[in-house]
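This report concerns only the one structure given below.
In our numbering, the protein residues as written are 1 to 80.
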């Protein structure tokens, strides 16, 4: 398991073998983390750009239907 990109209080991108997970934080008065298993198209889009990763996290925040059925609970986290 490897952390690819992270932005404190915003998002965390993790690669675990062939699987990629984006955890983003909702913000607001109650901060929640939402972890989504990414599709191959999403991985292609973001794997070489921290800026694209941030954009995808923002898109997920604005429209939860984009990741419907792909939320991972509990969130995938790196082991320390």
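Note that the Cβ used here is the ideal one computed from N, Cα and C, for glycine as well.
CB contact flag (residue i, residue j, <8 angstroms)
i          : j          : result
residue 13 : residue 36 : no
residue 60 : residue 25 : no
residue 46 : residue 71 : no
Alpha-carbon spacing of residue i relative to residue j, whole angstroms
i          : j          : result
residue 6  : residue 27 : 16 angstroms
residue 8  : residue 69 : 26 angstroms
residue 48 : residue 73 : 26 angstroms
residue 51 : residue 79 : 25 angstroms
residue 2  : residue 75 : 14 angstroms
Residues near residue i in its chain [Cβ-Cβ closer than 7 angstroms; skip 5 each side]
i          : result
residue 19 : 37
Spatial neighbours of residue i in its chain, beta-carbon cut-off 8 angstroms, leaving aside the 5 residues before and after
i          : result
residue 43 : 20
| field | Runs of beta strand (DSSP E) wholly within the segment 9–80 (minimum 3 residues, chain order) | value | 11–16, 19–25 and 33–37
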